[in-house]
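Numbering (the UniProt record's numbering), first residue to last: 1 to 92. Quick reminder that beta carbons are idealized off the backbone N, C-alpha and C, glycines included. I have placed the structure first, in the form of structure tokens, so that the comments after it can refer back to it.
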């Protein structure tokens with residue numbers, strides 16, 4: 001984990017960004033504010049809750065699916081992150 005600034009370190013430890021760090025390198029679904037969703041491997045999540053996903057499938061609000069090798073999700077577009085069952089509460 002590389003935190004670039006004091007501000008980023010503060011956000012990481014004082015927000016729900018730590019939950020996203022717990023699901024790094026796990027396959028999960030992120031629901032977006034526009035009723036779309038992205039299912040794939042969370043490669044990186046920063047302290048501002050921006051997420052980079054790999055090998056993912058984007059499903060738009062109409063139900064059409066598109067495959068991407070890399071997908072960036074801005075924090076302001078995230079509605080819900082599904083925590084996989086195999087991620088323990090103690091790990092978080």
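Is the separation between the beta-carbon of residue i and that of residue j shorter than 7 Å?
i: residue 73; j: residue 30; result: yes
i: residue 52; j: residue 67; result: no
i: residue 16; j: residue 79; result: no
i: residue 94; j: residue 50; result: This structure gives no information on residue 94, because the portion of the chain shown stretches from 1 to 92.
i: residue 26; j: residue 84; result: yes
i: residue 82; j: residue 28; result: yes
i: residue 12; j: residue 47; result: yes
Please report the residue range of the beta strand (DSSP E) in which residue i lies.
i: residue 20; result: Segment 17–22 is the alpha helix (DSSP H) holding residue 20; no beta strand (DSSP E) there.
At which residues does the alpha helix (DSSP H) containing residue i begin and terminate?
i: residue 66; result: Run containing residue 66: none in the alpha helix (DSSP H); it sits in the beta strand (DSSP E), 65–73.
i: residue 9; result: 6–13
Which partner residues of residue i appear in the DSSP bridge assignment?
i: residue 54; result: 41 and 70
Could you tell me if residue i is buried or exposed, where buried requires 16 or more neighbouring beta carbons within 10 angstroms of its beta carbon?
i: residue 37; result: buried
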